[in-house]
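In this note's numbering, the protein residues as written are 7 to 418.
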């Protein structure tokens with residue numbers, strides 16, 4: 007995990023990041039505390055990277071440097087246009103990303119995916135009372151579980167295919183990678199995996215890993231922030247990006263936010279990766295503590311209701327029937343009121359005052375604030391002596407209409 011913060015108001019946007027990043031997407035990644043994670047792309051837009059720090063062994067700083075050589079003097083109409091140009095520079099760039107290395111990483115990813123499936127199937131088969139007839143049945147259940155996760159989001163809605171792979175039909179995908187997949191399936195599953203129906207489902211699973219916006223593989227978060235020539239106030243654009251397939255980077259757009267435009271916020275704070283101490287500062291309570299309070303509220307409400315029913319003279323059967331009924335409505339509603347009231351206090355007493363100050367702050371003040379929020383997470387990691395991949399010097403960039411991209415703090 008790493009620690010990054012973005013703060014923006016109508017005057018400027020500040021990006022702050024520690025120096026921790028993970029290189030490599032395989033089973034033995036390397037964590038460094040000396041990474042360059044804030045990367046100017048031109049005079050008014052910068053890129054901040056978190057989580058995975060490389061693409062095929064090329065650091066994002068190397069990629070950004072190569073991009074600046076071609077586009078550093080280009081003025082983009084919007085931050086989104088700059089992001090599009092950056093991805094267009096990456097896609098099909100065989101000078102930076104040779105096809106042989108791309109195929110090697112794809113093979114490694116698929117090998118890891120099949121191994122994960124097998125391990126999950128073994129775990130499912132070992133559950134008490136799982137009821138699977140044999141290992142094959144457990145594997146099929148695990149495969150369907152993963153395919154369902156890829157096909158549907160957390161709310162159960164179907165995931166659309168990523169637009170960037172509109173050209174990558176199943177036929178094209180199987181033509182490119184069919185022989186690799188067949189060899190991996192044979193190595194991992196033998197004759198069982200080579201049965202026609204199972205092979206088709208495994209191929210479909212591999213295709214969905216690539217084309218669906220569910221990042222099971224190691225990914226990087228890419229934060230593009232600054233101002234385009236048509237922007238009056240700062241804008242930020244957030245993407246997730248991971249592997250290269252058929253020369254195209256797998257990526258998904260998360261959100262785009264502008265301040266002070268179309269009734270947008272006057273100030274905006276966004277945290278990335280490890281941010282529990284930042285959230286504790288902004289909300290007035292640590293996220294884990296808040297989760298525990300919610301659980302304890304539900305438990306104590308149930309215990310109090312059960313005790314009240316017994317004090318009223320109801321026997322165990324009657325009390326159980328009442329508890330089952332109110333457990334479906336009244337008790338969860340009480341906890342819901344508790345959560346709503348807690349959020350309201352957090353918003354009014356902590357978040358709103360902070361946002362009011364940020365909205366009126368100059369660029370140097372929001373730069374200092376963003377730096378301090380990252381340092382909170384580093385301090386916690388240092389005091390707890392945890393190996394969380396958070397640490398190193400904190401770099402900070404501030405971007406404004408008048409000053410463009412300026413460094414507020416930069417590692418030596």
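All C-beta atoms, glycine included, are put in the ideal place defined by N, C-alpha and C.
Name, in chain order, the residues that DSSP records as bridge partners for residue 413. 403
Notebook entry, point to check: For residue 10, which residues does DSSP report across the bridge?
Noted result: 23 and 278
Return the CA-CA distance between residue 363 and residue 356, expressed in angstroms with no decimal places. 11 Å
inquiry  = Between 283, 37 and 73, which has its C-alpha nearest residue 58's C-alpha?
reply    = 37
### Residues bridged to residue 232 [DSSP beta-bridge criterion]
51 and 241
Whose C-alpha, out of 259, 203, 132 and 80, is nearest the C-alpha of residue 166?
-> 259
Specify, as a first and last residue, the run of the beta strand (DSSP E) that residue 122 falls within.
For residue 122, there is no enclosing beta strand (DSSP E); the residue is found in the alpha helix (DSSP H) stretching over 105 to 132.
- Residue burial classification, residue 235 (beta-carbon count within 10 angstroms, cutoff 16): exposed
* Counting along the chain, where does the alpha helix (DSSP H) carrying residue 330 start and finish? -> Bounds of the alpha helix (DSSP H) holding residue 330 are 322 to 332.
| In the DSSP assignment, what are the bridge partners of residue 314? | BP columns for residue 314 are empty, so no partner.
**OP:** For residue 358, count neighbouring C-beta atoms within 10 Å of its own C-beta (all shown protein chains included) and say buried if the count is 16 or more, exposed if not.
**Re:** exposed
Practice task
Name the two residues that bound the continuous beta strand (DSSP E) containing residue 46.
Solution key: Its beta strand (DSSP E) spans residues 44 to 46.
Quick check on residue 218: does DSSP put it in helix, strand or coil? In the three-state reduction of the DSSP assignment, residue 218 falls in the coil class, being assigned neither a helical nor a strand state.
**Study point:** First and last residue of the uninterrupted beta strand (DSSP E) at residue 341
**Key:** No beta strand (DSSP E) holds residue 341; the alpha helix (DSSP H) holding it covers 336 to 352.
Does the beta-carbon distance from residue 149 to residue 207 come in below 8 Å? yes
Note to self: Is it buried or exposed, residue 318, if we count other Cβ atoms within 10 angstroms and call 16 or more buried?
What the structure shows: Per the 10 Å Cβ criterion, exposed.
- In three-state terms, what does DSSP make of residue 64? strand
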